[in-house]
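Numbering (the working numbering), first residue to last: 340 to 533.
Ideal placement from N, C-alpha and C gives every residue a C-beta, glycine not left out.
Read the structure below first, then the notes.
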Ligand code: HEM
Ligand code: HEM
């Protein structure tokens, strides 16, 4: 069962979800860790390159994942959820998707604006061009700090959303005792409508 149905997620959506969940949590930890290191040490440089490379993988995956989502039915939320809970679930997922794009893109703008002009070569293989930075953002330093702030606060917002997201998944599983978590772990619920 590769595709989603109205009752559950297919293999592709589940694979996207868990691959990206691991990458995102790792990237948040790596970002926070590397930010504390001495900026000119060679190890720091290597970690920054790794962070940028994985970041571009996340951006590409986010794009394919969104396309896949739009091509598939969305599993319907469990019966008995309050209107406000449905709205919160929907807004939460929209927010997660938005940040999966916004964070790597602000990172891309940040390194493009940097006066250091360090090239980005994804895993030392694929060169990525710098993005044009609008002049109205001021000097390179000013534009860089603006995108740095966006990148950081978007990442912190993502951490908050993930905490709520995990709490919601656990509440569905242990309190409401519905299929919500099970259908992100197995395609069996998706088969039930087939
Ligand atoms: C999934 C994608 C990404 C996540 C979750 C992420 C997360 C983070 C976090 C949490 C930090 C630490 C922020 C701080 O404490 O100031 C950080 C820093 C940084 N990120 Fe990312 N990032 C992602 C993608 C990218 C991409 C694609 C690039 C560049 C192409 C990038 C470039 C940087 C740089 C240069 C820093 C260091 C900023 C500084 O020195 O203050 N990131 N990132
Ligand atoms: C251990 C951690 C996690 C758990 C237990 C979890 C659980 C779930 C569950 C059960 C769903 C299905 C909700 C439904 O059927 O309506 C879901 C959907 C989703 N999760 Fe997670 N998740 C986790 C981590 C993450 C992370 C780190 C992200 C990325 C930032 C994320 C992004 C999403 C998105 C965007 C959806 C909506 C999928 C769609 O309908 O296309 N999740 N998650």
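Whole-angstrom Cβ separation of residue i and residue j, contact assumed at under 8 Å?
{"i": "residue 347", "j": "residue 531", "result": "7 Å"}
{"i": "residue 407", "j": "residue 441", "result": "Their Cβ separation, rounded to whole angstroms, is 20 Å, which puts residue 407 and residue 441 out of contact at 8 Å."}
{"i": "residue 479", "j": "residue 454", "result": "4 Å"}
{"i": "residue 498", "j": "residue 367", "result": "6 Å"}
{"i": "residue 409", "j": "residue 359", "result": "With a Cβ gap of about 16 Å, residue 409 and residue 359 do not count as contacting."}
{"i": "residue 414", "j": "residue 344", "result": "7 Å"}
Could you give the residue range of the alpha helix (DSSP H) that holds residue i?
{"i": "residue 430", "result": "422-452"}
{"i": "residue 489", "result": "479-509"}
{"i": "residue 366", "result": "350-374"}
{"i": "residue 415", "result": "Counting along the chain, residue 415 falls outside any alpha helix (DSSP H), and DSSP gives it neither H nor E."}
{"i": "residue 528", "result": "527-530"}
{"i": "residue 524", "result": "521-524"}
Identify the continuous beta strand (DSSP E) that holds residue i and give its terminal residues.
{"i": "residue 383", "result": "First-last for residue 383: 381-409, but that is the alpha helix (DSSP H), not the beta strand (DSSP E)."}
{"i": "residue 460", "result": "459-461"}
{"i": "residue 466", "result": "465-467"}
Are there 16 or more other CB atoms within 10 angstroms of the CB of residue i, so buried, or fewer, so exposed?
{"i": "residue 511", "result": "buried"}
{"i": "residue 429", "result": "exposed"}
{"i": "residue 502", "result": "exposed"}
{"i": "residue 457", "result": "exposed"}
{"i": "residue 527", "result": "exposed"}
{"i": "residue 425", "result": "exposed"}
{"i": "residue 380", "result": "exposed"}
{"i": "residue 529", "result": "buried"}
Do you know whose CA, among the options, lies nearest residue i's CA?
{"i": "residue 417", "options": "527, 515 and 526", "result": "515"}
{"i": "residue 448", "options": "439, 469 and 460", "result": "469"}
{"i": "residue 504", "options": "457, 433, 397 and 458", "result": "433"}
{"i": "residue 463", "options": "380, 423 and 385", "result": "385"}
{"i": "residue 404", "options": "472, 493, 356 and 522", "result": "356"}
{"i": "residue 445", "options": "430, 414, 391 and 415", "result": "391"}
{"i": "residue 371", "options": "474, 491 and 457", "result": "491"}
{"i": "residue 461", "options": "471, 500 and 396", "result": "396"}
{"i": "residue 483", "options": "508, 451 and 398", "result": "451"}
{"i": "residue 467", "options": "493, 383, 374 and 398", "result": "398"}
{"i": "residue 419", "options": "524, 517 and 521", "result": "517"}
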